[in-house]
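Step one of this worksheet: look at the structure below.
Number of protein chains: 2
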Amino acid sequence: MSIETVDSWVSHGGRQGVYRHKSEATGTEMTFSVFVPPHLEGTQLPVLWYLSGLTCTHANVTEKGEYRAACAEHGIIFVAPDTSPRGEGVPDDSAGHWDFGLGAGFYVDATQKPYAANYRMWSYISEELPKIIAECFPADMSRQAISGHSMGGHGALVAGLREPGRYRSVSAFSPIVHPSSVPWGKKAFELYLGEERKDWRAYDAVQLIEDGHKRKELLVDVGTEDPFLHEQLCPEALEAACGGAGIGLTLRRQSGYDHSYYFVSTFLADHVAWHAARLKGD
Amino acid sequence: MSIETVDSWVSHGGRQGVYRHKSEATGTEMTFSVFVPPHLEGTQLPVLWYLSGLTCTHANVTEKGEYRAACAEHGIIFVAPDTSPRGEGVPDDSAGHWDFGLGAGFYVDATQKPYAANYRMWSYISEELPKIIAECFPADMSRQAISGHSMGGHGALVAGLREPGRYRSVSAFSPIVHPSSVPWGKKAFELYLGEERKDWRAYDAVQLIEDGHKRKELLVDVGTEDPFLHEQLCPEALEAACGGAGIGLTLRRQSGYDHSYYFVSTFLADHVAWHAARLKGD
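Chains A and B, in that order, are what the protein sequence lines are. Following the numbering used here, the numbering of the first sequence begins with 1 at its first residue and continues without gaps. Following the numbering used here, the numbering of the second sequence begins with 1001 at its first residue and continues without gaps.
If you want it as structure tokens, here you go:
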């Protein structure tokens, strides 16, 4: 297992890096970013995963997320993976649309041709990349949390519900909470996972809750002026599912905010602090 | 005087906008960004100007500067102009280099052909744009401060030294403190201002100080790993000039930092707070 440093900067007293490696999961090179806050040599720090949304790479949150000050304050490593495999031979949306294919892996392991060979983002973020983080960074893998934005909010909710023991806390910005029922999700799941609806349930936060997956609590921020709120995000579906399952959902409808990083960056430091409180202790 | 709203987002409780207008100074359309923090209707807020560096537009600091949280906390309007005129017919570097022409206006009023017609960034930032800010935003123009990065740090120091009454406080990141003596500055000044060295002095912070321009204090941050530190920035020249003139220069050599926005964003909130303390009161 080896990684290449693509870029590296001192920032907020720590180090923001961008790294590249050959992924077995996706069969491609994958790029991700990691911020390691200032820390005493030899200490291990908790890890906050951040999964990005449609069209993004690691770079969007790395440049625009405004998380480093908070991660430095709370002593948290911040990991931002890419959103899909990329490179020659990786199949994209056949019509070139931005909501499927490159930049739109939806954090699933695809089972359908021609996507199954490379689009294995679930294995990548839940198995392969955690091993790399554990090996190459001063990470305490017994203390992990996860967040994400839009498609990445979907990924964070799914990961947190499927692996409650791995992630101590889960939050999301503008998540696609019930992809099986909205246009972005239906298109992606049909092409990645096939037409059998039952195969979609393992990647749908609302259905995972309906199927008995639980957490004590979730933190979700959405903007009231998000243009995707009613057609794609549908936070009320998560509200209903959590209500039925006794999951303590804090759903904050942030007045006036949209879907952009001007929204995410406003509240990401707050999410970091929220996760930090839950990552404290052994 | 009319401006067009190009983009606008709610962020950190305020509004980040991008605006466009026809500039009389440059004879072109000009784009700038303004963050107005949350405030009570009818109140007027102090203004912090931020001048950007070579190759930048308003967008770099707007996306990567991490200033909005601090401006919201301290109640400060943040204005980020472009770095040069742009558009059809605006002459660029004849060889296409990035250190002159588009993105490299150096905040001077050019006197030489073919640049004199459009490259009037001094008039733009010191006369035309302040009138627009006063008219279109809830700005208290009796309370202004200025900062900037690299070429924009040069611009901020020059503006602050030439107009001590206009700007209550002046800071800079990685400024070009003595452009007349370094490659970037010499190239720009020769082409914009001509070969007469005496005509350059009004745009050279070190020479302005030598010529008797004064301020009580200046705040400057530079990164020790900035690749331009020794050839282009030369902060020791500012140190010597301020020492000779009794100007209280706080020059912080920030260990390990480079020239990027990973550096600027680390300390920009701190600069905002420093300016805020000096912008308080009537």
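Ideal Cβ placement from N, Cα and C applies to all residues, glycine included. No experiment lies behind these values; they were computed from the predicted model shown.
Whole-angstrom distance between residue j and residue i, CA atom to CA atom
i: GLU1217 (chain B); j: GLU1029 (chain B); result: 35 Å
i: GLU1128 (chain B); j: GLU1024 (chain B); result: 8 Å
i: ALA1145 (chain B); j: SER1052 (chain B); result: 15 Å
i: SER1033 (chain B); j: GLY1017 (chain B); result: 6 Å
i: ASP1007 (chain B); j: VAL1036 (chain B); result: 14 Å
i: ASP1204 (chain B); j: ASN60 (chain A); result: 37 Å
i: GLY1042 (chain B); j: GLU1073 (chain B); result: 18 Å
i: PRO46 (chain A); j: ASN1118 (chain B); result: 53 Å
i: GLU163 (chain A); j: ALA156 (chain A); result: 10 Å
i: TYR19 (chain A); j: CYS136 (chain A); result: 11 Å
i: ARG1120 (chain B); j: LYS1113 (chain B); result: 12 Å
i: LYS64 (chain A); j: ARG252 (chain A); result: 21 Å
i: GLY153 (chain A); j: VAL177 (chain A); result: 8 Å
i: TRP1098 (chain B); j: ILE1125 (chain B); result: 21 Å
i: ALA1134 (chain B); j: ARG215 (chain A); result: 52 Å
i: CYS234 (chain A); j: SER11 (chain A); result: 36 Å
i: GLU66 (chain A); j: ARG1278 (chain B); result: 26 Å
i: TRP1009 (chain B); j: GLY1246 (chain B); result: 44 Å
i: ASP140 (chain A); j: ILE132 (chain A); result: 12 Å
i: LEU1268 (chain B); j: PHE78 (chain A); result: 21 Å
i: LEU238 (chain A); j: GLU88 (chain A); result: 38 Å
i: TRP122 (chain A); j: LEU1054 (chain B); result: 41 Å
i: ALA70 (chain A); j: ALA1070 (chain B); result: 13 Å
i: LYS198 (chain A); j: PRO130 (chain A); result: 28 Å
i: ASP93 (chain A); j: GLY165 (chain A); result: 35 Å
Proximal residues of chain A, C-beta to C-beta of residue i below 8 Å
i: SER1126 (chain B); result: Per Cβ cutoff of 8 Å: no residues; SER1126 (chain B) is ~29 Å from chain A at best.
Proximal residues of chain A, C-beta to C-beta of residue i below 7 Å
i: TRP1009 (chain B); result: ASP258, SER260 and TYR262
i: HIS1012 (chain B); result: THR266
Option nearest residue i by Cα separation, candidates the options
i: TYR1115 (chain B); options: B:ALA1237, B:LEU1102 and B:VAL1010; result: B:LEU1102
i: GLY1231 (chain B); options: B:HIS1271, B:SER1180 and B:GLU1041; result: Reading off the sequence shown, one finds Glu at residue 1231 (chain B), where the question assumed Gly. Among B:HIS1271, B:SER1180 and B:GLU1041, the Cα nearest to that of GLU1231 (chain B) belongs to B:SER1180.
i: THR1026 (chain B); options: B:LYS1064, B:PRO1085 and B:TYR1107; result: B:PRO1085
i: ILE1003 (chain B); options: B:THR1031, B:CYS1242 and B:TYR1067; result: B:THR1031
i: VAL1158 (chain B); options: B:TRP1200, B:ILE1133, B:THR1005 and B:ARG1143; result: B:TRP1200
i: GLY14 (chain A); options: B:ASP1270, B:GLN1254 and B:GLY1160; result: B:GLN1254
i: GLY68 (chain A); options: A:TYR50, A:THR57, A:ASP93 and A:ASP82; result: Looking at the sequence itself, residue 68 (chain A) is Arg, so the reference to Gly does not match. When each option's Cα is compared against that of ARG68 (chain A), the closest is A:TYR50.
i: PRO1038 (chain B); options: B:ILE1076, B:ALA1240 and B:VAL1182; result: B:ILE1076
i: ILE209 (chain A); options: A:PRO227, A:LYS187, A:GLY248 and A:VAL222; result: A:GLY248
i: LEU320 (chain A); options: A:PRO175, A:PHE189, A:TYR167 and A:ILE125; result: Chain A is shown from 1 up to 282; residue 320 (chain A) falls before or after that span and cannot be answered.
i: GLY1105 (chain B); options: B:THR1224, B:CYS1056 and B:ARG1143; result: B:CYS1056
i: GLY1244 (chain B); options: B:ASP1211, B:VAL1222, B:ASP1258 and B:ALA1269; result: B:ASP1211
i: ASP1082 (chain B); options: B:ALA1202, B:ASP1093 and B:THR1062; result: B:THR1062
i: LEU1048 (chain B); options: B:TYR1167, B:GLU1088, B:GLY1281 and B:GLY1089; result: B:TYR1167
i: PHE100 (chain A); options: A:CYS71, A:TYR257, A:LYS22 and A:LYS187; result: A:LYS187
i: GLU1302 (chain B); options: B:GLY1256, B:THR1250 and B:GLU1236; result: Since the first and last residues shown for chain B are 1001 and 1282, residue 1302 (chain B) lies out of range.
i: ALA300 (chain A); options: A:ARG197, A:HIS58 and A:THR250; result: Any answer about residue 300 (chain A) is impossible in this case: the structure gives chain A only from 1 up to 282.
i: ARG143 (chain A); options: A:ARG197, A:GLN44 and A:SER123; result: A:GLN44
i: ASP1270 (chain B); options: B:VAL1220, B:PRO1091, B:GLU1088 and B:GLY1165; result: B:VAL1220
i: GLY1223 (chain B); options: B:PRO1183, B:SER1260, B:GLY1089 and B:ASP1092; result: B:SER1260
i: VAL1182 (chain B); options: B:VAL1206, B:LEU1161, B:HIS1213 and B:GLY1165; result: B:VAL1206
i: LEU161 (chain A); options: A:CYS242, A:LEU54 and A:ALA70; result: A:CYS242
i: LEU1040 (chain B); options: B:PRO1138, B:GLU1236 and B:ALA1202; result: B:PRO1138
Interface residues of chain B facing residue i [CB-CB closer than 7 Å]
i: GLU63 (chain A); result: GLU1063 and LYS1064
Interface flag, residue i vs chain C, CB-CB below 7 Å
i: GLN1016 (chain B); result: In the structure shown, chain C cannot be found, because the protein chains are A and B.
Identified DSSP bridge partners for residue i
i: PRO1287 (chain B); result: Outside the modelled stretch of chain B, which goes from 1001 to 1282, sits residue 1287 (chain B), for which no answer is possible.
i: ASP221 (chain A); result: A:PHE173 and A:ARG252
i: ALA1145 (chain B); result: B:LEU1048 and B:SER1169
i: TYR287 (chain A); result: Coverage of chain A is limited to positions 1 through 282, which leaves residue 287 (chain A) absent and any answer about it impossible.
i: GLY1087 (chain B); result: According to DSSP, which records beta bridges pairwise, GLY1087 (chain B) is partnered with nothing at all.
i: SER181 (chain A); result: According to DSSP, which records beta bridges pairwise, SER181 (chain A) is partnered with nothing at all.
i: SER1150 (chain B); result: Beta-bridge pairing links SER1150 (chain B) to no other residue.
i: VAL1010 (chain B); result: B:ARG1015
i: GLY1027 (chain B); result: Paired residue(s): none; GLY1027 (chain B) is not in a bridge.
i: ARG1162 (chain B); result: In the DSSP output, where bridge partners are listed per residue, ARG1162 (chain B) has none listed.
i: ASP109 (chain A); result: A:ARG120
query = Okay, do the segment 138 to 150 of chain A and the segment 261 to 277 of chain A touch, 3+ Cβ pairs below 8 Å being the bar?
reply = Contact annotation: the segment 138 to 150 of chain A touches the segment 261 to 277 of chain A, with at least three C-beta pairs closer than 8 Å.
Touching by the beta-carbon criterion (3+ pairs, under 8 Å), the segment 103 to 110 of chain A and the segment 191 to 206 of chain A = With the cut-off at 8 Å, the segment 103 to 110 of chain A and the segment 191 to 206 of chain A touch.
ask   = Between the segment 1168 to 1184 of chain B and the segment 1269 to 1276 of chain B, do three or more beta carbon pairs fall short of 8 Å?
value = The segment 1168 to 1184 of chain B vs the segment 1269 to 1276 of chain B: in contact.
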